[in-house]
Each structure stands twice: as structure tokens, then as C-alpha cells.
Amino acid sequence: MQHVEELCKAATEEVGQDKAIRIANYLCNGNYAVSGSIEGCEAVEKLGKSFKARMTVRLSVAGAFHTSYMAPAAEKLQAALAATNIVEPRIPVISNVDAQPHSDPATIKAILAQQLTSPVQWETTVKTLLEKGLQNSYEVGPGAVIAGIFKRIDKTAQITNVKA
């Protein structure tokens with residue numbers, strides 16, 4: 017993780033703070049997603065090997081999710097959530113912002129808006145779920161990326177890939 021943080025810092029220094037790049041997802045040890053400006057992403061690709069990155073893969077996504085670039089959307093989401101009735105869930109919601117269970121509707125609303133600008137704590141979330149007793153998981157869709165990450169986090173985790 018330290019190498020990725022240093023890589024993001026170097027890339028940001030190269031392109032300027034207004035085009036910053038940050039870690040957007042802590043997937044599992046050695047696997048992180050970064051997000052930011054196009055120029056920042058290009059700088060990460062260029063500088064990656066010098067920071068011991070095995071590889072960089074550009075994802076086809078529509079925005080710089082989980083970074084400060086999403087602040088305008090977070091404001092709009094906060095307004096929409098303020099007008100939305102959320103009741104206390106029967107099962108606590110594990111937030112990808114802090115990887116903790118939440119049941120309070122006001123807290124859930126706040127965290128839903130925060131997740132747009134906060135990095136995803138995926139590895140910690142999976143560990144929290146497993147500590148809370150998760151025994152079986154399912155990944156639905158054409159790939160098995162989540163299953164692979166689950167196994168890197170905990171080789172004993174039970175996850176089944178269900179192809180669509």
C-alpha cells in the first residue's frame with residue numbers, strides 16, 4: 017500500500033494538485049484501485065514500474081469515483097437522501113467507508129453520501145463480514161473478480177460464482 021500511496025503522490029506532483037490521483041479502493045493486499053484525473057491516471061501508468069507496480073490496468077469507468085472529484089455528486093446525493101425515508105434495517109449495513117455495521121438511518125444516510133468521496137475499504141469490509149460470521153457468499157455475474165479477491169483475503173472463505 018505504501019508504494020501505491022507514494023506512486024499517487026508522485027503522479028499528482030507531476031500533473032498538479034488540481035489533477036490529483038488517489039487510492040479509491042483498498043481491494044486486498046497488493047491490489048488497489050486509484051482514481052482521479054485522466055492526466056493523473058496516465059502519470060500512474062507511466063510511473064508504475066518505478067514504484068514496483070506489477071501492472072497497471074485502466075478500468076472503463078465513467079468517473080473518478082471515491083475521490084474528491086465526486087463532491088458535487090455527494091452534495092446532490094445528500095439532498096436526495098434527506099428527502100428519503102430510510103428505516104432501521106433488520107440486518108445492519110456494512111459500510112464500505114468504515115467497514116463497520118450500521119443500523120441508525122441517519123448514520124446510513126450520511127455514510128451513503130460519504131462513500132462517493134471516500135476510498136472503498138473492501139479488504140477490511142470482507143474481514144468484518146467474516147468476523148461477524150459470514151459463511152457463504154455469492155458473486156453474481158460473468159466474472160469471478162470478487163471471488164478471487166475474497167480468496168486472497170481469506171483462503172478459507174466460501175464464495176460461489178453464479179454466472180448470469
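Under the numbering used here, the residues of the sequence shown are numbered 17 to 180, in order.
Every residue, glycine too, gets a C-beta built ideally from N, C-alpha and C.
### Message
Quick check on the burial criterion: 16 or more other C-beta atoms within 10 angstroms. Buried or exposed for L23?
### Response
buried
### Message
Do A90 and T133 count as a contact pair if the criterion is CB distance below 7 Å?
### Response
yes
#### Entry: Residues bridged to C44 (per DSSP)
N47
#### Entry: Sequence-distant residues of its chain with Cβ nearer than 7 Å to P105 (five each side left out)
Taken in chain order, the residues that qualify are S119.
### Task
Whole angstroms is fine: what's the gap from E165's alpha carbon to P88's?
Looking at the sequence itself, residue 165 is Ile, so the reference to Glu does not match. Cα-Cα distance, rounded: 31 Å.
### Query
DSSP on I165, reduced to helix/strand/coil?
helix
### Message
On the DSSP letters alone, give me the boundaries of the alpha helix (DSSP H) that I127 sits inside.
### Response
P121 to Q130
#### Entry: Outcome for S111 when other beta-carbon atoms lying within 10 angstroms are tallied against a minimum of 16
buried
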